[in-house]
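K.L.:
A single structure is presented below for examination.
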Amino acid sequence: MTALHDSRILVLHSDDNIAVAACELAAGTQVQIGAASLTVRERIDVGHKFALRMIQPGEKIMKYRAPIGSATRLIQAGEYVHTHNMQSDYLPTYTLA
C-alpha cells in the first residue's frame, strides 16, 4: 500500500487487480490509484471489492498478491467484484467433511 492511494480505499499489493473500500463509495465517486484516478461504477459498501482495471473472463482475481478466485465474465474497471462476476477457485467447505 502506498501513500499515493486514496485513503478511502485499500490496495494491499501493487500486483492486485482489485481494491477494498475503506468506506462506502457511491456510484460515480472518483478515487486516486497512484498517479491515476478511477471512477467507481456502482455503490461499493465498506469492506467490499472493486476492480482496479479491466479483468478478463477466467483471469485470476488478486488480493494480497494472492488469487482469491477467477472472473466469470468481463469485469470493467471500477465495477463491484463479488459472486455475480467471480467464482472461488477453492473447494467448497462442504466437500472437505
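The number in this note's numbering is simply the position in the sequence shown, starting from 1, with 10 added.
No residue lacks a Cβ here, since even glycine has one placed at the ideal position from N, Cα and C.
Find the nearest neighbour of Leu35 within the set Tyr100, Gln97, Gly88, judged by alpha-carbon distance.
P.N.:
Closest by alpha carbon: Gly88.
K.L.:
Spatial neighbours of Ser80 within its chain, please: CB distance less than 7 Å, with the 5 preceding and 5 following residues excluded, ordered by chain position.
P.N.:
If we look at Ser80 and ignore the five residues flanking it on each side, its Cβ neighbours are Gly68, Glu69, Lys70, Ile71, Met96, Gln97, Asp99.
K.L.:
Could you please give me the residues that DSSP links to Thr41 through a beta bridge?
P.N.:
Note that residue 41 is Val in the sequence shown here, rather than Thr. Answer is Leu48, bridged to Val41.
K.L.:
Helix, strand or coil: how does DSSP classify Leu62 here?
P.N.:
Coil, per DSSP.
K.L.:
Mind checking Tyr74: buried by the 16 CB within 10 Å criterion, or exposed?
P.N.:
When all chains shown are included, Tyr74 counts as exposed.
K.L.:
Taking 9 Å as the threshold (C-beta atoms), are Val50 and Gln40 in contact?
P.N.:
Yes, Cβ-Cβ distance for Gln40 and Val50 is below 9 Å.
K.L.:
Closest to Val56 by CA distance: which of Ala31, Val91, Ala45, Ile43 is it?
P.N.:
For the residues Ala31, Val91, Ala45, Ile43, the minimum Cα distance to Val56 belongs to Ala31.
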